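**Student:** Got a structure here, written out as structure tokens. Questions coming.
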């Protein structure tokens, strides 16, 4: 058994035998819980930032790389999961000058209509996300920060949520449902990258 990635992949992460890509539904595992640091490096998504700076606009591409993991990670239902890539420009003092968040995932109405796309985080894939940040006048960005987060389910539209809550019999169960929705729509940290600008 390979010490870094297990019997399914080589030390470089290439598939050495046929293995079906699969999902563990309803499970979320933090990368820090993995004891093998090589597994963390190969399985967890990584971010790189390619920046081109032009005047008061900072343009570039956020590059999300996923290694050889044969299933979506962190897991949970890949149809419902939402990913958020937040790119922030900061000055030398750390003050936020501009920020942009892009969401990847479908709302409930589109999930019901289909078709279902591949999840944003998928083993062996690299996603490139362009961004453009307009800076305030007389400011200069000294760094770009990219943060990747996820939520387990989409935020339901208020009418959809209220319609669902009316199907529950008691106020206690409705309150429990509200708490579950709130917890499952919270964003969880995956990884980040900070790049200094010249």
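Numbering (my numbering), first residue to last: 348 to 545. For each residue, glycine too, the CB sits at the ideal point set by N, CA and C. The structure displayed is predicted, hence computed values, not measured ones.
#1: Considering only residues of the same chain and omitting the five flanking positions on each side of residue 393, which have a CB-CB separation below 7 Å?
#2: On the DSSP letters alone, give me the boundaries of the alpha helix (DSSP H) that residue 505 sits inside.
#3: Out of 515, 499, 403 and 434, which one is the CA nearest neighbour of residue 531?
#4: Could you please give the first and the last residue of the uninterrupted alpha helix (DSSP H) stretch that includes residue 547?
#5: For the stretch 470-506, list the beta strand (DSSP E) runs that are entirely contained and at least 3 residues long, ordered along the chain.
#6: Taking its Cβ as the centre, do 16 or more other Cβ atoms sit within 10 Å of residue 510, making it buried, or is it exposed?
#7: Leaving out five residues on either side along the sequence, give the residues of the same chain with a beta carbon under 8 Å from the beta carbon of residue 404.
#8: Give me the Cβ distance between residue 434 and residue 542, rounded to the nearest whole Å; I'm assuming they're in contact under 8 Å.
#9: Using a Cβ-Cβ cutoff of less than 7 Å, which residues in the same chain neighbour residue 490 once the five nearest sequence positions on both sides are dropped?
**Tutor:** Let me lay it out:
#1: 412 and 538, listed in sequence order.
#2: Per DSSP, residue 505 belongs to the alpha helix (DSSP H) from 505-512.
#3: Looking at 515, 499, 403 and 434, the one whose alpha-carbon comes closest to that of residue 531 is 499.
#4: Since the first residue shown for the chain is 348 and the last is 545, residue 547 is missing from the structure and cannot be characterised.
#5: Correct list: 473-481 and 490-498.
#6: With fewer than 16 Cβ atoms within 10 Å of its Cβ, residue 510 is classed as exposed.
#7: Within the same chain, residue 404 has close Cβ partners 479, 480, 481 and 482.
#8: Incorrect: roughly 10 Å between the Cβ atoms, too far for contact.
#9: The beta carbon of residue 490 sits closer than 7 Å to the beta carbons of 437, 541, 542, 543 and 544 from its chain, once the five residues preceding and following it are set aside; these are given in chain order.
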